[in-house]
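A.B. asks: Sharing a structure, written as C-alpha cells. Questions coming.
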Amino acid sequence: MIKSLFVVLLFLVTTLFANAQSMKLTPNDFVDAADESKNYVVLNFAGKSQSDLYKAVLKFVNSYYNNPEKVATKIEGEQIVVDAIKEKATAWGRGNDLDFFYKITMDFKDGRLRFSPNYKYLENYNGIEYPLVKKSNLWVKTALFNTDGKVRREAAKQELEKFINNYIIAITNSINTSKSNDNW
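Count the sequence shown with mature numbering (1 follows the signal peptide of the UniProt record, and there is no 0) and you get residues -20 to -1, 1 to 164, in order.
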C-alpha cells in the first residue's frame, strides 16, 4: 500500500516538474530553458482573467516582500515590475556571500502571465559588483561569465537559476490557490 502510494506521488511530482516552465542563466541573461531565443516564459492559467491574474500576483508580491511598495511598480491591471534584492543568494568562494540584485517583469493577458527575469548584478559585503559578463585578468574574476561565454562559478549560476525557478513555482502556486471571494 505505502509502496504504491509512493509510486503515485512520485509520478505526480515528476509530471508536475516535467510540465513546469523553467529558466536558465546564460551570458545573455535569463532565458527559457526550452527555447533559449526567449528571455521569458509564459505561464498558462486557463479560466483566469487578466484582472484575476493581476490581482493574484499583486497579492503574492505584497506577501512575499517586506516592503512591496519599495520594490514593485505597476501599470494597473497590465504589468507588475519587481526590482529587488535576494540577500546572500550565493557564495563566491569561502565566506563571501553575495546579494543578488534582480528585476522581474510580469505582463498579463487573459489566461496567461509573461514572466521575464533579469540579472542586474551580484554584490559582496564591500559593495563590489559582479556583473553578468566581464573580461577579467589573471587575478580579478568578478563576473559570472567571461567574455567567451564560459561560466566562472557553476554553483553560483545554479543557485541563481534555482532562486528564479522557485519564484516561478511559488507564483504559480499562489495564483492557483488564490481565491477572489474567500468566505471567512
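All C-beta atoms in this analysis are idealised placements derived from N, C-alpha and C, irrespective of residue type, glycine included.
Where do the ends of the alpha helix (DSSP H) carrying Ile155 lie?
C.D. replies: Within the sequence shown, numbered from 1, the residue matching residue 155 stands at position 175. Note, Ile155: alpha helix (DSSP H), Glu134 to Thr157.
A.B. asks: Closest Cβ-Cβ distance between Leu33 and chain D: below 9 Å?
C.D. replies: The chain labelled as chain D is not found in the depicted structure, where only one protein chain is given.
A.B. asks: So, for Tyr45: in the same chain, excluding its five sequence neighbours on each side, which residues have a beta-carbon less than 6 Å away from its beta-carbon?
C.D. replies: Position 65 of the sequence shown, counted from the first residue, corresponds to residue 45. Same-chain partners within the cutoff: Val51.
A.B. asks: Look at the alpha carbon of Met86 and the alpha carbon of Gly129, and state the distance between them as a whole number of angstroms.
C.D. replies: The sequence position of residue 86 within the sequence shown is 106, counting from 1. The sequence position of residue 129 within the sequence shown is 149, counting from 1. Note on geometry: alpha-carbon atoms of Met86 and Gly129 lie some 27 Å from one another.
A.B. asks: With a cut-off of 8 Å, do at least 3 Cβ pairs link the region 96 to 112 to the region 6 to 23?
C.D. replies: yes
A.B. asks: For Met3 versus Glu109, is the C-beta distance shorter than 9 Å?
C.D. replies: Numbered from 1 along the sequence shown, position 23 holds the residue referred to as residue 3. Numbered from 1 along the sequence shown, position 129 holds the residue referred to as residue 109. No; because the gap between Cβ atoms is not below 9 Å, this pair is not in contact.
A.B. asks: Using a threshold of 9 Å, state whether the C-beta atoms of Phe81 and Tyr101 are closer than that.
C.D. replies: Sequence index remark: in the sequence shown, residue 81 carries index 101 (1-based). Sequence index remark: in the sequence shown, residue 101 carries index 121 (1-based). Yes, these two residues count as a Cβ contact at 9 Å.
A.B. asks: Within its chain, find whatever has a CB closer than 7 Å to the CB of Leu112; leave out the 5 residues flanking it on each side and keep chain order.
C.D. replies: Numbered from its first residue, the sequence shown carries residue 112 at position 132. Excluding positions up to five away in sequence, the list reads Pro7, Asp9, Tyr99, Ala123, Leu124 and Phe125.
A.B. asks: Could you pull out every residue in the same chain whose Cβ sits closer than 7 Å to the Cβ of Ser29, ignoring the five residues on either side in sequence?
C.D. replies: Counting from one through the sequence shown, the residue named residue 29 turns up at place 49. Correct list, in chain order: Asp90.
A.B. asks: Quick check on the burial criterion: 16 or more other C-beta atoms within 10 angstroms. Buried or exposed for Tyr152?
C.D. replies: Mapped onto the sequence shown, residue 152 falls at position 172. In the sequence under discussion, the amino acid at residue 152 is Thr, which differs from the Tyr named in the question. So Thr152 counts as buried.
A.B. asks: What are the partner residues of Glu109, as DSSP defines its beta bridges?
C.D. replies: Here residue 109 is taken as the residue at index 129 of the sequence shown, counted from 1. Glu103, per the DSSP bridge assignment.
A.B. asks: Please name the residue or residues paired with Asp77 in a DSSP beta bridge.
C.D. replies: On the sequence shown, position 97 is the one that residue 77 refers to. Answer is Ala71, bridged to Asp77.
A.B. asks: Going by DSSP in three states, Tyr34 sits in which element: helix, strand or coil?
C.D. replies: In the sequence shown, residue 34 corresponds to position 54, counting from 1. Residue state, collapsed to three classes: helix.
A.B. asks: Can you round the beta-carbon distance between Val62 and Val41 to whole angstroms, since I take them to be within the 8 Å contact cut?
C.D. replies: Working through the sequence shown from its first residue, we reach residue 62 at position 82. Working through the sequence shown from its first residue, we reach residue 41 at position 61. Right, the Cβ-Cβ distance comes to about 6 Å (below 8 Å), so this counts as a contact.
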